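Residue numbers (our numbering): 1010 to 1372.
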């Protein structure tokens, strides 16, 4: 009896070692791949944003904010690919180093490796689901609002001498020199309203931006008041104070309440299908990775990386294609993206069928 218990404990001990070893190897590979891809994606976006900033299209001060807001979206899209390749690298290494044969000789199959992965898969599944539904949509929307909405202060920072700066619904500003972001020399300001327009020329002009009005102070200049009938009144002044409506929108402020209250203005069915596709694809691809990673020692562990990437590209391309079909075709709108998941789930079941030896049931 003691011998039986000894063998049972030894078997459980080996199982726990293999469980920890395999999961740690998958997690290590996944995090490494995720880090590499994240650096590449963030680096490419950073270069693009700085190019836009150099052309004056966006404020350089918001670049870091925008990148931080886009991180949840980047990470969420990269996790399925990173885990998929992490599983492929770990399983293919077991085959390439012949470690898997001792595991298979003990009566186990690839399904056992899947059982080892299940806790890690479900943790990442719920993580990506939370990011997809509660964090990424709002953070992406907020980053787009930063990029699309310039405040009056942003416009003043980017204004260049002898170029017109259009003031929405109000007029334009032209300067010859600037002291700081709110003070300018030899400026020409044109203010337009329903009853009277004004062309103001002064030696110095200062702005103070408020939530609803922009306060303007001009010194040592002349103002041309143009009436509706075309009459012009010219006045000289030492100091002139006026204001215009602030037509610039302030970007929204990120709060946890807004994250949870966020509602996408786009079609909710399409948004739901796309958001749920990320965690579902994570499960299907990871399980599929266990089966397609079988390699001979001569080929090496990296021989399945390219096929794995092609499988991921095919999956992602079909999801994007199906999403576009939902916009134009009523039948595909009803089907959603589930038929794409169904195709790859069917392929996964075929691999599982072969591995479990269920074909013998037909005999």
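Beta carbons: idealized from backbone N, C-alpha and C, even for Gly.
Since the model is a prediction, treat every value here as computed from it, not as a measurement.
Residues in the same chain with beta-carbon distance under 7 Å from residue i, minus the five sequence neighbours each way, listed in chain order, please.
i            : result
residue 1069 : 1062
residue 1134 : 1288, 1291, 1292
residue 1245 : 1231
residue 1270 : Any reading at residue 1270 must be qualified, since the residue scores a pLDDT of 39, below 50, and its modelled position is unreliable; the value itself is stated next. Taken in chain order, the list of residues that qualify is empty.
residue 1093 : 1294, 1295, 1298, 1317, 1321
residue 1136 : none
residue 1129 : 1032, 1035, 1036
residue 1243 : 1231, 1233
residue 1088 : 1043, 1133, 1137, 1291
residue 1349 : 1327, 1328, 1331
residue 1324 : 1290, 1294, 1353
Specify, as a first and last residue, the run of the beta strand (DSSP E) that residue i falls within.
i            : result
residue 1172 : That residue, residue 1172, is in no beta strand (DSSP E); it is neither H nor E in DSSP.
residue 1346 : Unbroken run through residue 1346: none, as it is neither H nor E.
residue 1222 : 1222 to 1236
residue 1253 : 1241 to 1254
residue 1206 : 1205 to 1218
residue 1181 : 1180 to 1183
I'd like the span of the alpha helix (DSSP H) that includes residue i, first residue to last.
i            : result
residue 1197 : Per DSSP, residue 1197 belongs to no alpha helix (DSSP H); it is in the beta strand (DSSP E), 1192 to 1200.
What residues in its chain sit with their C-beta under 6 Å from that of residue i, if we drop five residues either side in the sequence?
i            : result
residue 1124 : none
residue 1286 : 1328, 1346
residue 1148 : 1078, 1081
residue 1310 : 1101, 1102, 1105
residue 1198 : 1182, 1209
residue 1140 : 1081, 1085
residue 1193 : 1184, 1187, 1214
Smallest Cα separation from residue i: which of the options?
i            : options                : result
residue 1106 : 1142, 1212, 1303       : 1303
residue 1102 : 1245, 1279, 1320, 1031 : 1031
residue 1280 : 1099, 1138, 1059       : 1138
residue 1300 : 1317, 1285, 1150, 1307 : 1317
residue 1064 : 1036, 1169, 1040       : 1169
residue 1036 : 1362, 1090, 1237, 1282 : 1090
residue 1086 : 1360, 1201, 1142       : 1142
residue 1180 : 1164, 1202, 1225, 1324 : 1202
residue 1076 : 1354, 1099, 1052       : 1052
residue 1067 : 1156, 1308, 1098, 1342 : 1156
residue 1313 : 1048, 1054, 1098, 1060 : 1098
residue 1060 : 1072, 1049, 1166       : 1072
residue 1196 : 1218, 1220, 1225, 1219 : 1225
residue 1282 : 1319, 1356, 1334, 1240 : 1334
For residue i, collect the residues of the same chain with a Cβ closer than 8 Å to its Cβ; drop the 5 residues on either side in sequence, then sort them by chain order.
i            : result
residue 1222 : 1252, 1253, 1254, 1255
residue 1306 : 1104, 1105, 1106, 1107
Ignoring anything shorter than 4 residues or poking outside the stretch 1056 to 1137, list the alpha helix (DSSP H) runs there in chain order. DSSP assignment within the stretch 1056 to 1137 yields the following whole alpha helix (DSSP H) runs of 4 residues or more, N-terminal first: 1072 to 1105, 1108 to 1114.
Give a yes or no on contact between the stretch 1232 to 1240 and the stretch 1197 to 1211, applying the rule of three or more CB pairs nearer than 8 Å. By the Cβ criterion, the stretch 1232 to 1240 is in contact with the stretch 1197 to 1211, since at least three pairs of Cβ atoms, one from each stretch, lie closer than 8 Å.
Quick check for students: name the residue ranges of the beta strand (DSSP E) that lie wholly in the stretch 1274 to 1315, counting only runs of 3 or more. Counting only runs of at least 3 residues, the stretch 1274 to 1315 fully encloses no beta strand (DSSP E) element at all.
Contact the stretch 1165 to 1178 vs the stretch 1147 to 1156: 3+ CB pairs below 8 Å: These segments do not touch.
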